[in-house]
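One structure below.
In full-length UniProt numbering, the protein residues as written are 1 to 476.
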């Protein structure tokens with residue numbers, strides 16, 4: 001599986017070109033960076049914003065805190081901070097306050113005990129936000145695509161409906177990359193989201209608006225989706241918690257674009273939150289009937305688990321080297337597990353991991369078990385109507401006339417370039433199956449694999465254009 005000499009030369013030239021683009025990009029950042037480049041959001045002073053979703057729900061059920069006070073606190077924070085980070089792109093404050101009043105009235109009129117209320121509405125009165133790619137009734141559902149700027153959701157996505165049924169109150173929708181296929185959350189409709197820890201840095205993508213909104217205390221729990229790192233990268237870049245569940249556990253229905261074919265095995269809807277203790281309760285609600293496939297209530301002792309760790313992909317020439325700070329941080333985790341918990345931790349080398357990009361690309365372009373062809377990105381750009389010519393859009397973009405972002409145009413141009421012929425596809429499929437078998441046998445049902453979410457910390461805006469393949473750390 002070693003790359004040919006010609007392939008190495010091609011990728012060397014691409015990396016050299018990427019370096020030059022990086023210089024231009026950094027210069028552009030200096031000239032066109034955020035207006036608030038020297039600022040960061042003010043620290044949180046409202047105590048209600050420092051509580052987890054579970055803590056808020058408990059206080060509301062116990063009638064110690066009014067739901068209206070909680071929702072108003074988040075509205076105030078959004079008004080103060082969101083102009084800097086541009087995480088929430090459409091709010092529903094008036095509706096949220098009406099729903100909060102209804103919760104307070106319900107609790108005033110009913111005499112149900114706390115346990116009964118928790119069973120019926122585990123997230124009663126808890127504010128949440130939703131990635132714009134998901135349907136939230138009355139809200140836009142464009143996925144950042146200009147052709148869909150007038151698309152308004154008439155119903156709720158499956159997971160949104162489940163969270164509402166659990167008592168949660170949506171505050172609004174959050175930004176994403178165009179068609180959810182890039183790891184910077186920026187598009188022609190809503191603009192670019194900024195990292196609350198440094199506005200000159202990216203929030204990740206495609207659920208980056210959700211990531212920065214949670215990190216900035218503008219929301220406490222949220223809905224994201226992940227087909228190649230779209231939950232995991234924003235969680236890492238913004239210092240929050242996110243989980244990509246096993247395929248099929250959480251319903252994907254009600255988002256755009258919706259994957260078909262083999263892509264369905266990669267696209268997963270999952271929870272994102274500021275506090276780790278909210279992950280499991282969120283997953284229980286969002287999974288609906290799919291929760292039967294999991295054993296979330298089984299007691300687990302960390303010291304009895306098998307831990308494996310790997311600090312990088314083994315040396316792919318497509319991706320950046322892993323930052324030393326990240327390697328040191330991972331080693332600290334290993335030392336903690338071994339010395340404090342007494343757990344077994346084994347350092348491993350999975351040689352096939354360095355083909356992550358090729359494996360992800362091959363699987364994403366494969367037909368489904370039902371014979372369905374995967375969605376073509378260029379067709380999605382035209383929303384299955386308008387014909388889009390990527391090369392012409394590139395020319396228009398250079399003139400400032402295209403309605404598409406440069407990552408989307410680039411992906412459309414490369415779509416055919418990285419479409420493997422049957423021979424190459426079968427080769428990478430065999431590698432993928434071998435790697436999958438190796439991982440399953442190693443982990444069993446009591447193994448944990450520690451691996452970087454990304455080779456670098458959150459990069460500055462535009463830099464991902466010079467490191468387009470780094471997402472592959474979350475692609476496999």
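By construction, the Cβ of each residue, glycine as well, lies at the ideal position given by its N, Cα and C atoms.
For the pair residue 269 and residue 225, the CB atoms are nearer than the 7 Å cut-off. In the DSSP assignment, residue 398 falls within the unbroken alpha helix (DSSP H) covering 390-398.
A check of alpha carbon separations from residue 130 across 271, 374, 436, 414 identifies 271 as the nearest. Beta-bridge partners of residue 173 (DSSP): 90, 130. Distance from residue 425 to residue 366 at the Cβ level is roughly 7 Å; contact confirmed, criterion being Cβ atoms closer than 8 Å. Annotation: residue 210 to residue 462 spans about 19 Å, alpha carbon to alpha carbon.
Residue 212 places its beta carbon less than 7 Å from that of residue 238.
The continuous alpha helix (DSSP H) containing residue 408 extends over residues 406-415.
For residue 360, same chain residues with a beta-carbon under 7 Å away, outside a window of 5 residues either side, are 228, 472, 475, 476 in chain order.
DSSP places residue 154 in the coil class of the three-state scheme, outside both helix and strand. In the DSSP assignment, residue 324 falls within the alpha helix (DSSP H) that extends over 324-339. Here the region 381-390 lies against the region 408-415, with 3 or more beta-carbon pairs under 8 Å apart. Just so you know, the alpha carbons of residue 118 and residue 429 end up roughly 46 Å apart. Taking a C-beta distance under 7 Å as the contact criterion, residue 265 and residue 247 qualify as a contact pair. A contact is defined here as three or more CB-CB pairs under 8 Å, and the region 398-410 fails this definition with respect to the region 433-443.
Between the beta-carbon of residue 179 and that of residue 380 there is about 5 Å, and that keeps the pair under the 8 Å contact cut. The three-state reading of DSSP puts residue 223 in strand, counting E and B together. In this structure, the alpha-carbon of residue 330 lies about 19 Å from that of residue 243. Relative to residue 419, the option among 55, 467, 64, 375 whose CA is nearest is 375. Put simply, of 185, 41, 321 the residue whose alpha carbon is nearest the alpha carbon of residue 89 is 185. For residue 121, no beta strand (DSSP E) run applies, since DSSP gives it neither H nor E.
Secondary structure at residue 369: coil, using DSSP grouped into helix, strand and coil.
For residue 284, same chain residues with a beta-carbon under 7 Å away, outside a window of 5 residues either side, are 291, 296 in chain order. When only Cα atoms are considered, residue 397 and residue 127 end up about 39 Å apart. Under the three-state reduction of DSSP output, residue 211 falls in the helix class.
Residue 300 and residue 159 have their C-alpha atoms spaced approximately 27 Å apart. Taking residue 353 as the centre and dropping the five residues before and after it, the same chain places the C-beta of 313, 314 closer than 6 Å to its C-beta, in chain order.
DSSP places residue 236 in the uninterrupted alpha helix (DSSP H) bounded by 232-238. Of 83, 281, 276, the smallest CA-CA separation from residue 196 is found for 83.
As the crow flies, the alpha-carbon of residue 81 is around 6 Å from that of residue 41.
By the C-beta density criterion, residue 164 is buried, having at least 16 other C-beta atoms within 10 angstroms. With fewer than 16 other Cβ atoms from the protein chains shown falling within 10 Å of its own Cβ, residue 43 counts as exposed.
With contacts defined as CB atoms closer than 7 Å, residue 67 and residue 125 qualify as a contacting pair. Selection 307, 372, 457, 364 evaluated against residue 447 yields 307 as nearest (Cα-Cα).
DSSP lists no beta-bridge partner residue for residue 461. Approximately 7 Å separates the beta-carbon atoms of residue 56 and residue 220; this is inside 8 Å, confirming the contact.
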